[in-house]
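> Please see the structure below; I have some questions.
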Amino acid sequence: MGLLENKDDLKVLVETLNFKEKVQRSLSLIKEAYKKYGDSLVVANSLGKDSVAVWDLAKKASPDIRGFIVTTRFKPKETIKFMNDIVAEYPELKIYKSDVKIPGNLYETDPDKCCDLLKVEPVKRAIEEMRVQCWVTGLRCTEGRTRTDYKEVEERDKDLIKLNPILIWKEREVWQYLALYGVKVNPLYGEGYRSLGCAPCTKITNEDNERAGRWIGTSKCGGECGIHTRPLKKNVGGDGI
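All letters in the sequence shown, in the order written, are residues 1484 to 1724 by the numbering used here.
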């Protein structure tokens, strides 16, 4: 049985595998999935530390793997520059965004709706236009309270596999990988951010929760934008969970 069909206890893997073993497992997951899905395997790159680690792993698995980035009008200028630099180096990363008109303060009055329009909808478009059967993410089960129930291989939308190859990595192991392989990261981390998003909805905090700085003061605080909790395939019923 390959890793794509494994039923391993993730909590045990988080605590028992060492750094080298986790890296090897992640790389094997991507290689196995790419062998199965070929060009219909695509990496979702959020430009955060976890995503750039996964992108580096994916390029080690095969230089032909493609990816996409979803950006918004509210991304910090540092993130935009970082995005442009990465795309210049890897033109196989396609940028998606939404130009739909929204009230200027929608992120305050209805952050769920704002994320749905500016993040979830472009991801749906990317999945459709790039003919994705398997999308690869940088989710980690140690990252925050909303990310503890994910699996390394999931099918939350029918006929759309989600691969989470670094799911069992701890935050320090991500930074260890980035340092070891000299992977460039968003300069905002140097200012003290631990989780990056749109400028109005991302703050620096001293909380233990890695995602505590996201959507502070709203019902979404430390939560999710919706990309990982809502249906991504068009004309498909269900709640995507």
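All residues carry an ideal CB built from backbone N, CA and C; glycine is no exception.
Just so it is clear, the structure is predicted and the values come from calculations on it, not from any experiment.
Locate the alpha helix (DSSP H) running through residue 1572, then write down its first and last residues.
For the purposes of this step, residue 1572 is identified with residue 89 of the sequence shown, where counting begins at 1. 1560-1572 is the extent of the alpha helix (DSSP H) around residue 1572.
> What first and last residue would you give for the beta strand (DSSP E) that runs through residue 1579?
Mapped onto the sequence shown, residue 1579 falls at position 96. Counting along the chain, the beta strand (DSSP E) containing residue 1579 begins and ends at 1576-1579.
> What do you reckon, is the C-beta of residue 1492 under 7 Å from a heavy atom of the ligand HEM?
This structure lacks the ligand HEM, and indeed carries no ligand of any kind.
> Take every Cβ of the stretch 1566-1584, pair it with every Cβ of the stretch 1540-1552, and state whether three or more of those distances are shorter than 8 Å.
Flag = yes, the stretch 1566-1584 and the stretch 1540-1552 touch.
> Out of curiosity, what's the CA-to-CA distance linking residue 1586 and residue 1492?
The residue given as residue 1586 occupies position 103 in the sequence shown. The residue given as residue 1492 occupies position 9 in the sequence shown. Computed Cα separation, rounded: 45 Å.
> Tell me whether the beta-carbon of residue 1558 lies closer than 8 Å to the beta-carbon of residue 1710.
For the purposes of this step, residue 1558 is taken as residue 75 along the sequence shown, with counting starting at 1. For the purposes of this step, residue 1710 is taken as residue 227 along the sequence shown, with counting starting at 1. Not in contact: residue 1558 and residue 1710 (Cβ atoms no closer than 8 Å).
> Pull the bridge partners of residue 1618 from the DSSP assignment, please.
Along the sequence shown, read from residue 1 onward, the residue named residue 1618 stands at position 135. In DSSP, residue 1618 forms a bridge with 1525, 1645.
> Any idea if residue 1621 is buried or exposed, counting beta-carbon neighbours within 10 angstroms, 16 or more meaning buried?
Along the sequence shown, read from residue 1 onward, the residue named residue 1621 stands at position 138. Buried, because 16 or more other Cβ atoms sit within 10 Å of the Cβ of residue 1621.
> Can the beta-carbon of residue 1663 be found less than 8 Å from the beta-carbon of residue 1516?
The residue given as residue 1663 occupies position 180 in the sequence shown. The residue given as residue 1516 occupies position 33 in the sequence shown. Cβ distance not < 8 Å, so residue 1663 and residue 1516 don't count as in contact.
> When DSSP labels each residue in this structure, what does residue 1666 get in the three-state scheme?
In the sequence shown, counting from the first residue as 1, residue 1666 sits at position 183. If DSSP states are grouped into helix, strand and coil, residue 1666 belongs with coil.
> How long is the line joining the alpha carbons of residue 1580 and residue 1525, rounded to whole angstroms?
In the sequence shown, the residue the question calls residue 1580 occupies position 97. In the sequence shown, the residue the question calls residue 1525 occupies position 42. One C-alpha to the other measures close to 17 Å.
> Between residue 1690 and the rest of its own chain, which residues show a CB-CB distance below 7 Å, the 5 nearest in sequence each way excluded?
Reading the sequence shown from its first residue, position 207 is the one you call residue 1690. Contacts found: none.
> Measuring only the C-alpha atoms, how far is residue 1556 from residue 1537?
Here residue 1556 refers to the residue found at position 73 when the sequence shown is read from its first residue. Here residue 1537 refers to the residue found at position 54 when the sequence shown is read from its first residue. So the two alpha carbons sit approximately 25 Å from each other.
> Do residue 1619 and residue 1487 have their beta-carbon atoms positioned less than 8 Å apart in this structure?
Here residue 1487 is taken as the residue at index 4 of the sequence shown, counted from 1. Here residue 1619 is taken as the residue at index 136 of the sequence shown, counted from 1. Cβ atoms of residue 1487 and residue 1619: not closer than 8 Å.
> Helix, strand or coil for residue 1654 per DSSP?
Mapped onto the sequence shown, residue 1654 falls at position 171. Here residue 1654 sits in helix by DSSP.
> Could you tell me whether the Cβ atoms of residue 1540 and residue 1509 are closer together than 8 Å?
Position 57 of the sequence shown, counting from 1, holds the residue named residue 1540. Position 26 of the sequence shown, counting from 1, holds the residue named residue 1509. Cβ distance < 8 Å, so residue 1540 and residue 1509 count as in contact.
> Would you tell me roughly how many angstroms separate the C-alpha atoms of residue 1499 and residue 1513, rounded to the nearest one?
Your numbering for residue 1499 matches position 16 in the sequence shown. Your numbering for residue 1513 matches position 30 in the sequence shown. Going by the C-alpha atoms only, they are around 21 Å apart.
> Judging by CA-CA distance, which residue of 1588, 1501, 1584, 1578 is the nearest neighbour of residue 1607?
In the sequence shown, the residue the question calls residue 1607 occupies position 124. Of the listed residues, the one whose Cα sits closest to residue 1607 is 1578.
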